[in-house]
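Before any comments, here is the structure.
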């Protein structure tokens, strides 16, 4: 088993990191560059930046953010939000992003996945899938969680895999910001159906939640936001707990930096 990655997620709105519950009730969580440097120095394996209002505001992700991040941090980072063309994705990679996150545009135009994978390589293409359980079925939502596509999440996950996506960022809208634990059911279902890494997101509130998402949910990587942004737990505490459960993680001296 490869080392499980711990990835803080920074949702960006109006140039600030924000965090809400179930995609609503956003509160300020700091400056994105300052937060990025903190996580860079405290053991994060990767970072994810999502411009959460870019699609609804019909604008592209800010290229300047990727440029500034590339100059100030030394761990891989994914950036997404409003990416609707391979040209935009390419510009973000050229600006310094390691991977590109695509959600709404991929649902609207699935061929975009193949186009980006062929141009940039599958390793650069992360498809974000926001899901909500309705009447017992997990459905895909787009446009920052405001639009129910009616698409079955498991079928969509297999389609994005077939079109060349390198990873899936799977977020449970029901669990987002609740600190009640990841949605193990859908994480496991999708992880068992695709042969590409699945990043579990939404609900991680304790180190044990992270461990459960790996051991039971079969996740390859774990996204955290509120518990890191508001200093409930450090990355080191989460990684140490996983290591104690015999889950492989990258433990470095950087993890000992006080967050």
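Numbering (our numbering), first residue to last: 1150 to 1408.
Built from N, CA and C at the ideal position, the CB exists for glycine as well.
In this text the structure is predicted, and so the values were computed from the model without any measurement.
*What are the partner residues of residue 1409, as DSSP defines its beta bridges?*
Nothing about residue 1409 can be read from this structure; the chain reaches only from 1150 to 1408.
*asked:* What would DSSP say about residue 1157, mapped onto helix, strand or coil?
replied: strand
*Considering only residues of the same chain and omitting the five flanking positions on each side of residue 1333, which have a CB-CB separation below 8 Å?*
1361, 1362, 1365, 1366
*C-beta contact flag for residue 1197 and residue 1239 at 8 Å*: no
*Exposure label - residue 1336; buried when at least 16 CB within 10 Å*: buried
*So residue 1301 is in the beta strand (DSSP E); what residue range does that whole segment cover?*
1296-1301
_Within a Cβ cutoff of 7 Å, which residues of the same chain sit near residue 1329, ignoring the five residues on either side of it in sequence?_
1352, 1354
*From which residue to which residue does the beta strand (DSSP E) around residue 1188 run?*
Taken as a continuous stretch (DSSP letters only), residue 1188 belongs to no beta strand (DSSP E), being part of the alpha helix (DSSP H) at 1181-1189.
*Rounded C-alpha distance that separates residue 1373 from residue 1339*: 19 Å
*Which residue from 1315, 1280, 1348, 1392 puts its Cα closest to that of residue 1304?*
1280
_Using a Cβ distance threshold of 8 Å, determine whether the region 1313-1327 contacts the region 1377-1385, with at least three qualifying pairs required._
no
*Determine the burial state of residue 1401: buried for a count of at least 16 other Cβ atoms within 10 Å of its Cβ, exposed for fewer.*
exposed
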